[in-house]
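K.L.:
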Amino acid sequence: MSDTERQRHVDALMDARRDVAAAKRAGDEESEKAARKRVHAAKVTLGERGPVWWDDGAPDYTRKLLENTPYGAVEE
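Position 33 (the sequence shown) corresponds to 45 in the working numbering; numbering is contiguous.
#1: Comparing alpha-carbon positions, which option in Arg29, Gly59, Trp66 and Tyr83 lies nearest arginine 18?
#2: With three or more beta-carbon pairs closer than 8 Å as the criterion, would you say the segment 23-33 touches the segment 68-77?
#3: Compare the beta carbon distance of arginine 29 and valine 51 with 7 Å and say whether it is the shorter of the two.
#4: So what's aspartate 40 in DSSP terms, helix, strand or just coil?
What follows is the structure in structure tokens.
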């Protein structure tokens, strides 16, 4: 993705976030829902959500309880 294209998606993300805030202030649930969908789409496009894009062979602990990962081990 070129820098220009990435910036376009970042701008779309920020616009959608502002729309979420405005809809919340107005109590407009339908507009908020639509804006949140746009936030999600922008984040997926930017690689912040969706399938992992890296392949380093490390296990993916996303959405796991800390205690169910190696990071949850506590030495006594």
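For each residue, glycine too, the CB sits at the ideal point set by N, CA and C.
P.N.:
On the basis of the supplied data:
#1: In the sequence shown, residue 18 corresponds to position 6, counting from 1. Of Arg29, Gly59, Trp66 and Tyr83, the residue nearest in Cα terms is Gly59.
#2: No contact exists between the segment 23-33 and the segment 68-77.
#3: Along the sequence shown, one-based indexing puts residue 29 at 17. Along the sequence shown, one-based indexing puts residue 51 at 39. Contact: yes.
#4: The residue you call residue 40 lines up with position 28 of the sequence shown. Coil at aspartate 40, not helix or strand.
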